[in-house]
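Down below is the structure, laid out as structure tokens.
Residue numbers (my numbering): 1081 to 1296.
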């Protein structure tokens, strides 16, 4: 039975990843700061993990081997950086969106099965080559994630582990809002198909859910 670890699985994209992989017979380990009734109903293994807590992130471990790691958890607050509190929240965002995923990915490398895959959920808003205005804290956190995960890909290549960044699209979640373009089911379905066909030659790439590359 293949094993997957999904962070931020109590709602949104993470919950849908956990649901789909569980329904397909995978051994699912789901992490969340707090569980949810929806996650509990899946009957998967749930581990408490607050990605804003550096100590908890450094201490986190699971039994291997893992076939797939999905660094999904993230936050989009604050939207702007105008006050001292915004700056403090931005610091937390950098930990949750960039530092913690890298720390977890690096720590999990020895736990990965041969040919395993490590996916970080980024965003097209993290692309400097396709930059838009606004949302400066979120954009910088995802750009930082892109750099960190690309560096992890260099280290993982020698182990035969593919590390790839995905943009899931604009999805109807609490973060994406009701006016978003696609449902979680559609986004995760597309990303799972993409995960299935990834090879080591894709390691270090930044991809849309349809497999096309996004400029850095």
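All C-beta atoms in this analysis are idealised placements derived from N, C-alpha and C, irrespective of residue type, glycine included. Just so we're clear, the structure is a prediction, and the values are computed from it rather than from any experiment.
Spatial distance of residue 1125 from residue 1206 (CA atoms): By one-based count along the chain shown, residue 1125 stands at place 45. By one-based count along the chain shown, residue 1206 stands at place 126. So the two alpha carbons sit approximately 31 Å from each other.
For residue 1116, three-class secondary structure by DSSP: Here residue 1116 refers to the residue found at position 36 of the chain shown. Three-state result, residue 1116: coil.
Alpha helix (DSSP H) segment containing residue 1273, residue limits: For this step, residue 1273 is matched to residue 193 along the chain shown. From DSSP, the alpha helix (DSSP H) with residue 1273 extends over 1264-1277.
Inter-stretch contact at 8 Å, needing at least 3 Cβ pairs: the stretch 1216-1223 / the stretch 1173-1180: Taking 8 Å as the limit for Cβ pairs, the verdict is that the stretch 1173-1180 does touch the stretch 1216-1223.
When 1189, 1081, 1249 and 1164 are compared against residue 1102, the one with the closest alpha-carbon: Here residue 1102 is taken as the residue at index 22 of the chain shown, counted from 1. Distances from the alpha-carbon of residue 1102 to those of 1189, 1081, 1249 and 1164 put 1081 closest.
Exposed unless 16 or more other CB atoms sit within 10 angstroms - verdict on residue 1289: Your numbering for residue 1289 matches position 209 in the chain shown. Classification of residue 1289: buried, given that the 10 Å Cβ count is 16 or more.
For residue 1084 and residue 1155, the rounded distance between their alpha carbons: Counted from its first residue, the chain shown places residue 1155 at position 75. Counted from its first residue, the chain shown places residue 1084 at position 4. If I take the Cα positions, the gap works out to 22 Å.
Three-state secondary structure assigned by DSSP to residue 1157: Stepping through the chain shown from its first residue, residue 1157 is reached at position 77. Taken through DSSP and simplified to helix, strand or coil, residue 1157 comes out as coil.
Rounded C-alpha distance that separates residue 1274 from residue 1249: Sequence index remark: in the chain shown, residue 1274 carries index 194 (1-based). Sequence index remark: in the chain shown, residue 1249 carries index 169 (1-based). Near 14 Å, if we compare the C-alpha coordinates of residue 1249 and residue 1274.
Three-state class that DSSP yields for residue 1081 in the structure shown: The sequence position of residue 1081 within the chain shown is 1, counting from 1. Of the three classes helix, strand and coil, the one that applies to residue 1081 here is coil, per DSSP.
Beta-carbon gap between residue 1295 and residue 1209 smaller than 8 Å: The residue given as residue 1295 occupies position 215 in the chain shown. The residue given as residue 1209 occupies position 129 in the chain shown. Contact flag set, yes.
Segments assigned beta strand (DSSP E), at least 3 residues, entirely inside the stretch 1192-1220: If only complete runs of 3 or more residues are kept, the stretch 1192-1220 shows the beta strand (DSSP E) at 1192-1201, in order along the chain.
contact_flag[the stretch 1138-1148, the stretch 1178-1194] where n(CB pairs < 8 Å) is 3 or more: Short answer: they touch.
Short Cβ contact (8 Å threshold) for residue 1225 with residue 1243: Residue 1225 sits at position 145 when you count from the first residue of the chain shown. Residue 1243 sits at position 163 when you count from the first residue of the chain shown. Going by C-beta atoms, residue 1225 is not nearer than 8 Å to residue 1243.
Status (buried if at least 16 other CB within 10 Å, exposed otherwise) for residue 1259: Translated into the one-based positions of the chain shown, residue 1259 becomes position 179. Counting of Cβ neighbours within 10 angstroms places residue 1259 among the exposed residues, the total staying below 16.
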